[in-house]
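One structure is given here, and the rest of the page talks about it.
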Amino acid sequence: MAPTRRDFLKLSTAGGVAASILGFDLAPAYAEMRALKIARASETRSTCPYCSVSCGVIIYTQGDGAKNVTPFVVHVEGDPDHPINRGTLCPKGSSLQQDILNERRLLKPQVRRPGSDRWDDIAWDDAINEIGRWVKKSRDATFVEKDAQGHTVNRCEGIAWTGGCTDTNEFNYLVVKTMRSMGLCYIENQARV
Ligand code: SF4
Numbered sequence: 002m003a004p005t006r007r008d009f010l011k012l013s014t015a016g017g018v019a020a021s022i023l024g025f026d027l028a029p030a031y032a033e034m035r036a037l038k039i040a041r042a043s044e045t046r047s048t049c050p051y052c053s054v055s056c057g058v059i060i061y062t063q064g065d066g067a068k069n070v071t072p073f074v075v076h077v078e079g080d081p082d083h084p085i086n087r088g089t090l091c092p093k094g095s096s097l098q099q100d101i102l103n104e105r106r107l108l109k110p111q112v113r114r115p116g117s118d119r120w121d122d123i124a125w126d127d128a129i130n131e132i133g134r135w136v137k138k139s140r141d142a143t144f145v146e147k148d149a150q151g152h153t154v155n156r157c158e159g160i161a162w163t164g165g166c167t168d169t170n171e172f173n174y175l176v177v178k179t180m181r182s183m184g185l186c187y188i189e190n191q192a193r194v
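Counting from 2, one number per residue, gives the positions in the sequence shown under this note's numbering.
Rendered as structure tokens:
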């Protein structure tokens with residue numbers, strides 16, 4: 002009969018107890034296992050995208066940067082130098098590697114046309130041009146120069162913007178400047194939620 006998960010845990014615990022009774026310190030062995038896993042990996046500091054807490058993470062990637070090598074994420078952990086989480090991650094953030102390596106992860110923009118029942122891939126240049134066209138069309142159609150009392154308001158009520166917790170301060174500064182310059186009132190960010 003194949004060993005169950007419970008059998009495995011019993012054996013592991015028994016092994017650990019036996020090791021400590023015999024005077025072995027397993028800590029260096031565990032540390033070595035971890036070191037081997039991320040040996041020669043490059044470190045990238047990033048932000049967990051799942052919630053507004055915005056915990057800092059370190060993403061470890063294998064691959065020497067050569068053109069014929071596809072970089073591969075081997076490990077993600079909390080960033081001990083990050084002021085928000087000091088190296089800790091909740092269970093959701095701890096599973097971030099599965100999000101990065103997920104086969105359903107979108108790697109290119111998609112568009113769902115009016116009346117369509119599916120999303121289609123679109124080139125980045127086409128997506129940006131199309132967004133520009135729709136922004137202009139929506140702004141022209143919904144711009145309000147004066148309110149019902151005749152006050153000059155110059156606002157665009159037909160477009161909204163929402164950002165995410167991974168957006169940097171610099172990015173958000175540019176977003177607010179750009180959106181306000183077009184008269185947008187509805188500007189929000191997930192990190193405020
Ligand atoms: S690790 Fe957890 S608490 Fe931190 S940002 Fe991600 S989801 Fe939020």
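Backbone N, C-alpha and C define an ideal beta-carbon position, used for all residues, glycine too.
Query raised in the report: Taking the DSSP output, what are the residues bridged to Trp-162?
Result: Reading the sequence shown from its first residue, position 161 is the one you call residue 162. Partner(s): Ile-188.
Query raised in the report: Can you round the beta-carbon distance between Thr-88 and Gly-79 to whole angstroms, since I take them to be within the 8 Å contact cut?
Result: Taking the sequence shown and counting its residues from 1, the one referred to as residue 88 is at position 87. Taking the sequence shown and counting its residues from 1, the one referred to as residue 79 is at position 78. Looking at the sequence provided, one finds Gly at residue 88 rather than Thr. That belief holds up - the Cβ atoms of Gly-88 and Gly-79 are roughly 4 Å apart, short of 8 Å.
Query raised in the report: Exposed or buried, which one is Thr-201 when buried takes at least 16 other CB atoms within 10 Å?
Result: What is shown of the chain runs 2 to 194, which leaves residue 201 out entirely.
Requested in this report: Give the range of the alpha helix (DSSP H) segment to which Gly-151 is assigned.
Outcome: For the purposes of this step, residue 151 is taken as the residue at position 150 of the sequence shown. Unbroken run through Gly-151: none, as it is neither H nor E.
Query - Bridge partners - Ile-46, DSSP secondary structure assignment - result: Taking the first residue of the sequence shown as position 1, residue 46 is located at position 45. In the sequence under discussion, the amino acid at residue 46 is Arg, which differs from the Ile named in the question. Paired residue(s): Ile-59.
Query raised in the report: So Ser-53 packs on Ala-192, CB below 8 Å; how close in whole Å?
Result: Translated into the one-based positions of the sequence shown, residue 53 becomes position 52. Translated into the one-based positions of the sequence shown, residue 192 becomes position 191. Correct: roughly 5 Å between the Cβ atoms.
Query raised in the report: Hey, is the segment 150-170 in contact with the segment 125-142, meaning 3+ C-beta pairs nearer than 8 Å?
Result: yes
Report task. Could you give the DSSP three-state label for Arg-193: helix, strand or coil? Result -> Against the sequence shown, residue 193 aligns to sequence position 192. Reduced to three states, the DSSP call for Arg-193 is helix.
Query - Counted within 10 angstroms of its Cβ, other Cβ atoms place Ile-59 as buried (16 or more) or exposed - result: Residue mapping note: residue 59 aligns to position 58 of the sequence shown, counting from 1. So Ile-59 counts as buried.
Query raised in the report: Does the distance from the CB of Val-112 to the CB of Trp-120 come in under 8 Å?
Result: The sequence position of residue 112 within the sequence shown is 111, counting from 1. The sequence position of residue 120 within the sequence shown is 119, counting from 1. Going by C-beta atoms, Val-112 is nearer than 8 Å to Trp-120.
Query raised in the report: Does the separation of the CB atoms of His-224 and Gly-57 fall below 8 Å?
Result: Because the chain in this structure spans residues 2 to 194, residue 224 falls outside the shown range and cannot be described.
Query raised in the report: Who sits around the ligand GTP, taking every residue whose Cβ is closer than 5 Å to one of its heavy atoms?
Result: The ligand GTP is not part of the structure shown, which contains the ligand SF4 as its ligands.
Query raised in the report: If we call anything under 8 Å between Cβ atoms a contact, is Pro-92 one with Thr-167?
Result: By one-based count along the sequence shown, residue 92 stands at place 91. By one-based count along the sequence shown, residue 167 stands at place 166. For Pro-92 and Thr-167, no; Cβs fall outside 8 Å.
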